[in-house]
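Residue numbers (the numbering used here): 146 to 283.
Below is one structure, written out as structure tokens, with a few remarks after it.
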Amino acid sequence: MSSQLITSLIAQESSSGGGSGAIIQLGILLLIPFAMYFFMIRPQRRRMREQQELQRSIQVGDEVITTSGVYGIITGEDGDSRFWLEIDDDVQIRIARAAISGKASTADDGGDDAADSADSSETVPANADADADTDADD
């Protein structure tokens, strides 16, 4: 299909005499696959490679998040492709290695300071819920 298009463009150019427009069109048609490779295919391959490296580096004791959003700690391996994930005290589930989307960040290891300061600047007193409960009982 594309070879027919190229030959028709060349035929138009030779019959029209000047045809610099056809050369530009041909150049654009040839640039589209290169652009698709550099803007779509290459970044996707890089993301897949990084995800595979992350899944290979998971070890017992790591805190992870699954693709479904479940946080937990890896407590053991069940073969090459499965892990035991502790999601609560004495609650473990078995998950596939491919279901791990990333390592969970540890608590306050240099997180977003702006979010911390926004939380501390709230005007609601810490015991507002307790006051509301006692007012409801009266």
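All residues carry an ideal CB built from backbone N, CA and C; glycine is no exception.
- DSSP, read as helix, strand or coil, puts Q237 in strand.
- Note that the C-beta distance between I218 and E198 is not below 8 angstroms.
- Taking a contact to require three or more Cβ pairs closer than 8 angstroms, the region 203-214 and the region 241-248 qualify as touching.
- DSSP places T212 outside both helix and strand once states are collapsed to three, so it counts as coil.
- In this structure, W229 lies away from D235, with their beta-carbon atoms at least 8 angstroms apart.
- In the three-state scheme derived from DSSP, where H, G and I count as helix and E and B as strand, G206 is classed as coil.
- Every unbroken stretch of the alpha helix (DSSP H) spanning 4 or more residues and falling wholly within the region 163-205 is given here in chain order: 165-181 and 187-202.
- By the neighbour-count definition (other C-beta atoms within 10 Å, threshold 16), I240 is a buried residue.
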